[in-house]
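Peer 1:
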Amino acid sequence: MKNEKLILDNPLDIMPLLHKAFMTQSIRNELLLASSFTGRDLVLFQKHFELSERLLTYHINAEDLYMTSQILDSPGARVNEDEHVELRDTASDLTAFLGEADSTTLENYVQETILASDHTNHDEITETTEDILNILSQTIGQPRIANRKMRDLYERVVALRFLESDHFENEESFISTQIIPNMPRDKQLEIVKHLLLDQSCLNSRWIIEWLMTRFDSDDQKILNNLILLL
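Shown next as C-alpha coordinates:
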(Lines of atoms letter the chains of each structure in order from A and count residues from 1; the text may use other names and numbers.)
(Lines give C-alpha, C1' and ligand atoms only; values in the text may rest on other atoms or scores of the structure.)
Protein backbone atom coordinates (compact mmCIF):
# COMPACT_ATOMS: atom_id res chain seq x y z
CA MET A 1 0.00 0.00 0.00
CA LYS A 2 1.31 3.46 -0.90
CA ASN A 3 0.37 5.25 2.30
CA GLU A 4 1.61 8.65 1.16
CA LYS A 5 -0.93 8.61 -1.71
CA LEU A 6 -3.56 6.55 0.05
CA ILE A 7 -3.76 4.35 -3.02
CA LEU A 8 -3.65 0.56 -2.96
CA ASP A 9 -1.00 -1.26 -4.94
CA ASN A 10 -3.58 -3.94 -5.79
CA PRO A 11 -7.39 -3.66 -5.62
CA LEU A 12 -7.66 -6.77 -3.44
CA ASP A 13 -5.38 -5.12 -0.87
CA ILE A 14 -8.66 -3.64 0.41
CA MET A 15 -9.49 -6.99 2.04
CA PRO A 16 -7.63 -6.42 5.35
CA LEU A 17 -9.49 -3.13 5.79
CA LEU A 18 -12.84 -4.82 5.21
CA HIS A 19 -11.96 -7.57 7.63
CA LYS A 20 -10.79 -5.10 10.25
CA ALA A 21 -14.17 -3.37 10.09
CA PHE A 22 -16.02 -6.70 10.38
CA MET A 23 -13.94 -7.78 13.37
CA THR A 24 -14.46 -4.43 15.10
CA GLN A 25 -18.18 -4.88 14.68
CA SER A 26 -18.01 -8.40 16.13
CA ILE A 27 -16.10 -7.17 19.17
CA ARG A 28 -18.70 -4.45 19.68
CA ASN A 29 -21.45 -7.04 19.49
CA GLU A 30 -19.69 -9.14 22.10
CA LEU A 31 -19.28 -6.19 24.47
CA LEU A 32 -22.88 -5.15 23.91
CA LEU A 33 -24.12 -8.61 24.78
CA ALA A 34 -21.96 -8.70 27.91
CA SER A 35 -23.47 -5.40 29.04
CA SER A 36 -26.96 -6.87 28.54
CA PHE A 37 -26.49 -9.57 31.17
CA THR A 38 -27.86 -7.37 33.96
CA GLY A 39 -31.02 -6.06 32.33
CA ARG A 40 -31.47 -9.08 30.04
CA ASP A 41 -32.69 -6.77 27.24
CA LEU A 42 -31.41 -8.25 23.98
CA VAL A 43 -33.27 -6.00 21.55
CA LEU A 44 -30.32 -3.68 20.91
CA PHE A 45 -27.90 -6.58 20.60
CA GLN A 46 -30.25 -8.28 18.16
CA LYS A 47 -30.36 -5.17 15.97
CA HIS A 48 -26.56 -4.94 15.79
CA PHE A 49 -26.06 -8.67 15.33
CA GLU A 50 -28.55 -8.93 12.48
CA LEU A 51 -26.62 -6.20 10.66
CA SER A 52 -23.38 -8.09 11.26
CA GLU A 53 -24.95 -11.30 9.99
CA ARG A 54 -26.15 -9.54 6.84
CA LEU A 55 -22.69 -8.08 6.18
CA LEU A 56 -20.82 -11.32 6.86
CA THR A 57 -23.21 -13.48 4.86
CA TYR A 58 -23.00 -11.19 1.83
CA HIS A 59 -19.20 -11.00 2.07
CA ILE A 60 -18.70 -14.78 2.29
CA ASN A 61 -21.19 -15.53 -0.48
CA ALA A 62 -19.57 -12.93 -2.75
CA GLU A 63 -16.15 -14.45 -2.06
CA ASP A 64 -17.38 -17.91 -3.00
CA LEU A 65 -19.15 -16.74 -6.13
CA TYR A 66 -16.71 -14.24 -7.58
CA MET A 67 -13.30 -15.10 -6.13
CA THR A 68 -13.03 -18.74 -5.03
CA SER A 69 -14.91 -19.98 -8.09
CA GLN A 70 -12.38 -18.26 -10.38
CA ILE A 71 -9.55 -20.12 -8.66
CA LEU A 72 -11.32 -23.45 -9.06
CA ASP A 73 -12.09 -22.73 -12.72
CA SER A 74 -8.63 -21.44 -13.62
CA PRO A 75 -6.71 -23.30 -16.37
CA GLY A 76 -3.91 -24.16 -13.97
CA ALA A 77 -6.32 -25.85 -11.61
CA ARG A 78 -7.78 -27.97 -14.42
CA VAL A 79 -4.68 -28.95 -16.41
CA ASN A 80 -3.26 -31.24 -13.75
CA GLU A 81 -6.53 -32.42 -12.23
CA ASP A 82 -6.34 -35.96 -13.65
CA GLU A 83 -2.69 -36.32 -12.68
CA HIS A 84 -3.45 -35.03 -9.20
CA VAL A 85 -6.28 -37.51 -8.67
CA GLU A 86 -4.19 -40.43 -9.96
CA LEU A 87 -1.26 -39.62 -7.70
CA ARG A 88 -3.47 -39.04 -4.69
CA ASP A 89 -5.32 -42.32 -5.20
CA THR A 90 -2.21 -44.45 -5.76
CA ALA A 91 0.05 -42.94 -3.09
CA SER A 92 0.09 -44.97 0.12
CA ASP A 93 0.25 -41.86 2.26
CA LEU A 94 0.71 -38.08 2.08
CA THR A 95 4.49 -38.38 2.12
CA ALA A 96 4.44 -40.63 -0.93
CA PHE A 97 2.05 -38.28 -2.70
CA LEU A 98 4.26 -35.28 -2.02
CA GLY A 99 7.29 -37.20 -3.20
CA GLU A 100 5.73 -38.21 -6.52
CA ALA A 101 3.93 -34.98 -7.44
CA ASP A 102 5.54 -32.25 -9.50
CA SER A 103 5.57 -28.59 -8.39
CA THR A 104 2.45 -27.63 -10.35
CA THR A 105 0.48 -30.56 -8.96
CA LEU A 106 1.63 -29.70 -5.46
CA GLU A 107 0.53 -26.10 -5.92
CA ASN A 108 -2.90 -27.29 -7.01
CA TYR A 109 -3.03 -29.67 -4.06
CA VAL A 110 -2.25 -26.83 -1.65
CA GLN A 111 -4.92 -24.67 -3.28
CA GLU A 112 -7.52 -27.40 -2.99
CA THR A 113 -6.59 -28.05 0.64
CA ILE A 114 -6.89 -24.37 1.52
CA LEU A 115 -10.18 -24.02 -0.31
CA ALA A 116 -11.58 -27.14 1.36
CA SER A 117 -10.61 -25.75 4.76
CA ASP A 118 -12.19 -22.42 3.81
CA HIS A 119 -15.42 -24.17 2.82
CA THR A 120 -15.52 -25.96 6.18
CA ASN A 121 -14.97 -22.66 7.94
CA HIS A 122 -17.83 -21.10 5.97
CA ASP A 123 -20.12 -23.91 7.09
CA GLU A 124 -19.11 -23.43 10.72
CA ILE A 125 -19.74 -19.68 10.52
CA THR A 126 -23.16 -20.25 8.96
CA GLU A 127 -24.11 -22.86 11.56
CA THR A 128 -22.99 -20.73 14.50
CA THR A 129 -24.76 -17.66 13.11
CA GLU A 130 -27.98 -19.61 12.69
CA ASP A 131 -27.67 -20.90 16.27
CA ILE A 132 -27.38 -17.34 17.57
CA LEU A 133 -30.37 -16.16 15.54
CA ASN A 134 -32.41 -19.12 16.79
CA ILE A 135 -31.58 -18.35 20.41
CA LEU A 136 -32.56 -14.72 19.89
CA SER A 137 -35.87 -15.68 18.29
CA GLN A 138 -36.62 -17.93 21.27
CA THR A 139 -35.70 -15.39 23.95
CA ILE A 140 -36.66 -11.94 22.62
CA GLY A 141 -39.91 -10.89 24.27
CA GLN A 142 -39.68 -13.45 27.06
CA PRO A 143 -40.37 -11.97 30.55
CA ARG A 144 -37.32 -13.72 31.95
CA ILE A 145 -34.21 -15.10 30.24
CA ALA A 146 -32.45 -17.94 32.07
CA ASN A 147 -28.77 -17.61 32.98
CA ARG A 148 -28.03 -20.77 31.01
CA LYS A 149 -29.57 -19.28 27.87
CA MET A 150 -27.56 -16.06 28.25
CA ARG A 151 -24.33 -18.02 28.74
CA ASP A 152 -25.10 -20.20 25.74
CA LEU A 153 -25.70 -17.11 23.61
CA TYR A 154 -22.51 -15.42 24.77
CA GLU A 155 -20.38 -18.53 24.16
CA ARG A 156 -21.65 -18.78 20.60
CA VAL A 157 -21.02 -15.09 19.93
CA VAL A 158 -17.43 -15.49 21.16
CA ALA A 159 -17.03 -18.67 19.08
CA LEU A 160 -18.28 -16.83 16.00
CA ARG A 161 -15.69 -14.09 16.49
CA PHE A 162 -12.90 -16.69 16.56
CA LEU A 163 -14.29 -18.37 13.44
CA GLU A 164 -14.39 -15.03 11.64
CA SER A 165 -10.83 -14.25 12.70
CA ASP A 166 -9.58 -17.61 11.40
CA HIS A 167 -11.44 -17.18 8.15
CA PHE A 168 -10.14 -13.67 7.53
CA GLU A 169 -6.56 -14.64 8.38
CA ASN A 170 -6.63 -17.61 5.99
CA GLU A 171 -8.30 -15.58 3.29
CA GLU A 172 -5.79 -12.73 3.46
CA SER A 173 -2.92 -15.18 3.25
CA PHE A 174 -4.50 -16.93 0.27
CA ILE A 175 -5.20 -13.65 -1.52
CA SER A 176 -1.69 -12.28 -1.02
CA THR A 177 0.12 -15.49 -2.06
CA GLN A 178 -2.20 -17.10 -4.62
CA ILE A 179 -4.57 -14.55 -6.09
CA ILE A 180 -2.89 -11.14 -6.31
CA PRO A 181 0.32 -12.43 -7.97
CA ASN A 182 -1.67 -14.35 -10.59
CA MET A 183 -4.73 -12.21 -11.26
CA PRO A 184 -4.81 -9.15 -13.57
CA ARG A 185 -5.77 -5.84 -12.04
CA ASP A 186 -9.05 -5.61 -13.99
CA LYS A 187 -10.13 -9.00 -12.65
CA GLN A 188 -9.32 -7.91 -9.11
CA LEU A 189 -11.40 -4.77 -9.60
CA GLU A 190 -14.29 -6.91 -10.78
CA ILE A 191 -14.16 -8.96 -7.59
CA VAL A 192 -13.91 -5.83 -5.41
CA LYS A 193 -16.91 -4.36 -7.21
CA HIS A 194 -19.00 -7.38 -6.25
CA LEU A 195 -17.72 -7.26 -2.67
CA LEU A 196 -18.62 -3.59 -2.23
CA LEU A 197 -21.73 -3.18 -4.37
CA ASP A 198 -24.79 -5.34 -3.72
CA GLN A 199 -26.58 -5.32 -7.04
CA SER A 200 -29.47 -7.34 -5.60
CA CYS A 201 -30.36 -4.47 -3.27
CA LEU A 202 -32.17 -1.24 -4.15
CA ASN A 203 -29.40 0.65 -2.35
CA SER A 204 -26.42 -1.14 -3.86
CA ARG A 205 -24.00 1.02 -1.84
CA TRP A 206 -25.23 -0.04 1.61
CA ILE A 207 -21.96 -1.89 2.36
CA ILE A 208 -19.86 1.11 1.35
CA GLU A 209 -22.03 3.40 3.46
CA TRP A 210 -21.58 1.15 6.48
CA LEU A 211 -17.81 0.93 5.95
CA MET A 212 -17.58 4.72 5.86
CA THR A 213 -19.04 4.83 9.37
CA ARG A 214 -16.34 2.41 10.60
CA PHE A 215 -13.25 3.61 8.73
CA ASP A 216 -10.97 6.38 9.94
CA SER A 217 -10.27 9.31 7.61
CA ASP A 218 -7.28 7.67 5.87
CA ASP A 219 -9.13 4.42 5.28
CA GLN A 220 -12.10 6.39 3.94
CA LYS A 221 -9.82 8.08 1.41
CA ILE A 222 -8.36 4.71 0.40
CA LEU A 223 -11.85 3.34 -0.13
CA ASN A 224 -12.99 6.38 -2.06
CA ASN A 225 -9.94 6.20 -4.35
CA LEU A 226 -10.71 2.54 -5.03
CA ILE A 227 -14.39 3.22 -5.69
CA LEU A 228 -13.42 5.68 -8.42
CA LEU A 229 -11.90 2.74 -10.34
CA LEU A 230 -14.97 0.50 -10.17
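Take my numbering: the last position of the sequence shown gets the number 312, and nothing is skipped along the way.
Even glycine gets a Cβ: it sits at the ideal position worked out from N, Cα and C.
Remember, predicted model here, so these are calculated numbers, not experimental data.
Please work out which residues of its chain come closer than 8 Å, Cβ to Cβ, to Ile290, disregarding the five sequence neighbours upstream and downstream, and give them in chain order.
Peer 2: The residues are Leu278, Leu279, Leu305, Ile309.
Peer 1: Under a Cβ-count criterion, where at least 16 other Cβ atoms within 10 Å of its own Cβ denotes burial, should Val239 be classed as buried or exposed?
Peer 2: Burial is judged here by how many other beta carbons sit within 10 angstroms of a residue's own beta carbon; Val239 has at least 16 and is buried.
Peer 1: Out of Leu94, Lys303, Asn203, Tyr236, state which residue places its alpha-carbon closest to the alpha-carbon of Glu246.
Peer 2: Asn203
Peer 1: For Ile261, name the three-state secondary structure that DSSP assigns.
Peer 2: helix
Peer 1: Here's a check: name, in chain order, each residue in its chain whose Cβ is nearer than 6 Å to the Cβ of Arg71, leaving out the five neighbours to either side.
Peer 2: Residue 71 is absent from the structure shown; the chain starts at 83 and stops at 312.
Peer 1: Note down, one range per segment and in chain order, each beta strand (DSSP E) of at least 3 residues found wholly within the region 106–131.
Peer 2: none
Peer 1: Could you name the residues of the same chain whose beta carbon sits closer than 6 Å to that of Phe250, not counting the 5 residues immediately before and after it, in chain order?
Peer 2: His101
Peer 1: Please report the straight-line C-alpha distance between Thr106 and Pro266, rounded to a whole angstrom.
Peer 2: 31 Å
Peer 1: Taking only three categories from DSSP, how would you classify Ile227?
Peer 2: coil
Peer 1: State the DSSP-derived secondary structure class of Leu147, mapped to helix, strand or coil.
Peer 2: helix
Peer 1: Starting from Asn285, trace the alpha helix (DSSP H) in both directions and tell me its first and last residue.
Peer 2: No alpha helix (DSSP H) contains Asn285, which DSSP labels as neither H nor E.
Peer 1: Looking only at C-alpha atoms, which of Ala103, Gln302, Pro225, Leu115 sits nearest to Tyr236?
Peer 2: Leu115
Peer 1: Whether or not the region 91–99 and the region 252–269 are in contact is what I'm after, with contact meaning three or more pairs of Cβ atoms, one per stretch, closer than 8 Å; do they touch?
Peer 2: yes
Peer 1: Cα separation between Met97 and Tyr148?
Peer 2: 14 Å
Peer 1: Taking Asp234 and Ile207 to be in contact with their CB atoms under 8 Å, please state how far apart those CB atoms are, rounded to whole angstroms.
Peer 2: That belief does not hold up - the Cβ atoms of Asp234 and Ile207 are roughly 18 Å apart, past 8 Å.
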